[in-house]
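Beneath this line is the structure, given in structure tokens, with notes to follow.
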Amino acid sequence: MKKSVVSVLVFCFISLSKFSWAAPAVQTKEVLKQIYQEKVTGFQYYSAYAEAAARGSEPVFSTLFETLAEAELVQAAECLKLLEDYGESMPEPVHATIHVAVVENNLEKLLAMEELLINQRYSAWMRKIREERQPEPLTIVTRIWRVDKQRYLLLQQMRTMMSGHSYAKIREFALCQVCGYTTFYVPKRFCPVCYQSPSYFLLHTVENSSSGKEHSQESDEPSFGTFTLN
Ligand SMILES: [Zn+2]
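Heads up: the sequence shown is residues 781 to 1010, going by this note's numbering.
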């Protein structure tokens, strides 16, 4: 008798835990669609601003924005992969209306957009995913958030360099094709966000930069500084 009561309790426990882990993940799917849309919008902004910077003879900023547009696509693909795992099809992307100004103003606009995302939207998104206990989206969205924080710091550094006109010496930007982390150099040992090897980094070279030199490594020109993860 006792044994059967225990069996029933164990059965109920297993069923309940199964139920909570196999939840329909309605909120999580919605969050992934929203992040996907943010990434597509980000791609549209960075691409438009890259073109404007090229037209305005700002090759460093043109290359930076081009690289970050590609980073947004890497992250959009991560969201899409998770949505596909849930059996969802690709959300219909919304086309943003983008006002293009001079590079300083465009940079300010991007800083404001990234700040809003990292300081407000991710915390709400993460809470929803946690409520539904979806481990993989939790890991990936946490990573996307970390990459966006790094991007914000990179844009801040570019703003500082712009005011001191010291950005002209930048010759390239390095993009991790696994997570979208973007920096001035290919890290020596691994990506600080996704821990993949430097071989996953793609270099975007500033078009009019001096050629024939070796790629810069993270310790060669410490004046650009390094990022600190939050
Ligand atoms: Zn990475």
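Each residue gets a CB set at the ideal place from its N, CA and C atoms; glycine is no exception. All figures in this text were calculated on a predicted structure; none of them were measured in a lab.
Within a Cβ cutoff of 6 Å, which residues of the same chain sit near D1000, ignoring the five residues on either side of it in sequence? Note on D1000: pLDDT 41, under 50, position unreliable in the model; no value is reported.
Tell me the rounded alpha-carbon separation between M870 and A876. 18 Å
Just how far apart, CA to CA, sit V854 and F823? 10 Å
When you get a sec, list the residues whose CB is within less than 6 Å of any heavy atom of ligand 1, chain order please. In chain order, the qualifying residues are C956, V958, C959, Y961, C971, V973, C974, Q976.
Limits of the unbroken beta strand (DSSP E) element including L983: In the DSSP assignment, L983 falls within the beta strand (DSSP E) that extends over 981-985.
Residue from I878, A856, V840 whose Cα sits closest to the Cα of E872: A856
Among residues of its own chain, excluding the 5 on either side of A745, which ones have a beta-carbon nearer than 7 Å to its beta-carbon? Absent from the model: residue 745. The displayed extent of the chain is 781 to 1010, so no value can be given.
Extent of the continuous alpha helix (DSSP H) run through E888: Residues 883-896.
Could you tell me the distance, in whole angstroms, from the CA atom of Y866 to the CA atom of Q807? 12 Å
Proximity below 8 Å, CB of L862 to CB of K813: no
Identify, in the order they occur along the chain, each residue of the same chain with its Cβ nearer than 7 Å to the Cβ of E916, setting aside the five sequence neighbours on each side. Same-chain partners within the cutoff: L862.
Pick helix, strand or coil for V966, following the three-state DSSP scheme. V966: strand per DSSP, three-state reduction.
So, with DSSP's three-state summary, where would you put C971? coil
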